[in-house]
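In the working numbering, the protein residues as written are 2 to 200.
Virtual Cβ for every residue (Gly too), placed ideally from N, Cα, C.
Here's the structure we're looking at; comments come further down.
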Amino acid sequence: MKKIVIATKNAGKVREMKDAFAHLPVEVVALSEFGQLPNAIEDGETFAENAAIKAKFYMEKTGCACLADDSGLEVAVLGGRPGVYSSRYAGYNAEDWANNQKMLEELCIADVEESPANYRCSLCFADTDGTLLTADGRCDGVVRKIPHGKNGFGYDPYFYTNEYAGRTMAELTMEEKNRISHRGRALRKLTQKLEEHLA
2 MKKIVIATKN AGKVREMKDA FAHLPVEVVA LSEFGQLPNA IEDGETFAEN AAIKAKFYME
62 KTGCACLADD SGLEVAVLGG RPGVYSSRYA GYNAEDWANN QKMLEELCIA DVEESPANYR
122 CSLCFADTDG TLLTADGRCD GVVRKIPHGK NGFGYDPYFY TNEYAGRTMA ELTMEEKNRI
182 SHRGRALRKL TQKLEEHLA
């Protein structure tokens with residue numbers, strides 16, 4: 002059975018990947034099972050570049066196939082920011098509230114109450130045989146200054162989805178969120194490619 006390392010410290014993402022790959026002949030393991038590993042340097046200019054950097058880096062460090070993602074929020078009125086800096090918009094190791102505060106301050110400077118926005122996710126699977134599989138997903142909506150909901154994380158309370166009109170990502174159930182989310186869409190595409198690769 003092939004072992005796939007999920008290159009994240011986020012236990013929720015690991016569970017999500019385990020569920021998505023449950024029907025495949027793979028063992029999904031968390032990066033944390035390999036002890037203290039150095040952080041990959043995410044210096045790519047796109048989500049896809051950063052996902053590939055992480056997947057290759059941790060594949061080499063662990064000696065196992067590795068799946069990595071890079072994702073974030075792109076706000077139209079902010080020129081696509083925070084983009085690849087979404088998790089560190091207010092600085093390295095910034096907490097969600099600080100990143101949200103910075104985005105809200107920039108929306109105030111832009112003198113708008115809301116803006117079209119989208120979540121994007123790029124996944125990259127790096128196998129020890131040199132195979133690279135990639136998939137992207139996107140979820141469109143609107144960012145508003147007033148938060149709603151307690152579920153989710155990151156910018157979710159401020160991101161109002163197009164599919165569930167008037168509701169933020171933070172108001173959706175996990176099932177609803179997985180159906181429309183950028184990561185859910187990318188994961189479904191990658192799962193199909195992985196099935197073919199493992200056949």
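Cβ-based burial, residue i [other Cβ within 10 Å; buried from 16]
i      : result
MET2   : exposed
HIS161 : The question names His, but residue 161 is Tyr in the sequence shown. Buried, since its Cβ has 16 or more Cβ neighbours within 10 Å.
LEU133 : exposed
ILE147 : exposed
THR9   : buried
TYR34  : Residue 34 is actually Glu in this sequence, not Tyr. Answer is exposed; the Cβ neighbour count stays below 16.
ALA12  : exposed
ILE42  : exposed
HIS24  : exposed
ASP71  : buried
GLU172 : buried
TYR59  : buried
TYR159 : buried
Beta-carbon proximity of residue i to residue j, cut-off 8 angstroms
i      : j      : result
ALA187 : GLY138 : yes
TYR165 : LEU74  : no
SER116 : VAL143 : yes
HIS183 : TYR90  : no
LEU68  : PHE154 : no
SER123 : PHE22  : no
ILE7   : LEU32  : yes
LYS178 : ALA136 : no
GLY45  : ILE54  : yes
DSSP-derived helix/strand/coil call for residue i
i      : result
GLU177 : helix
ALA187 : helix
THR169 : strand
THR9   : coil
LEU195 : helix
THR47  : coil
LEU32  : helix
ALA66  : strand
LEU25  : coil
LEU79  : helix
Uninterrupted beta strand (DSSP E) stretches inside the segment 85 to 159 (no shorter than 3 residues): 115 to 127 and 133 to 145, all fully within the segment 85 to 159.
Quick check: the segment 70 to 79 against the segment 99 to 111, are there 3 or more CB pairs under 8 angstroms? Between the segment 70 to 79 and the segment 99 to 111, the count of Cβ pairs shorter than 8 angstroms is three or higher; the stretches touch.
Can we say the segment 14 to 22 touches the segment 91 to 111, given the rule of at least three CB pairs closer than 8 angstroms? no
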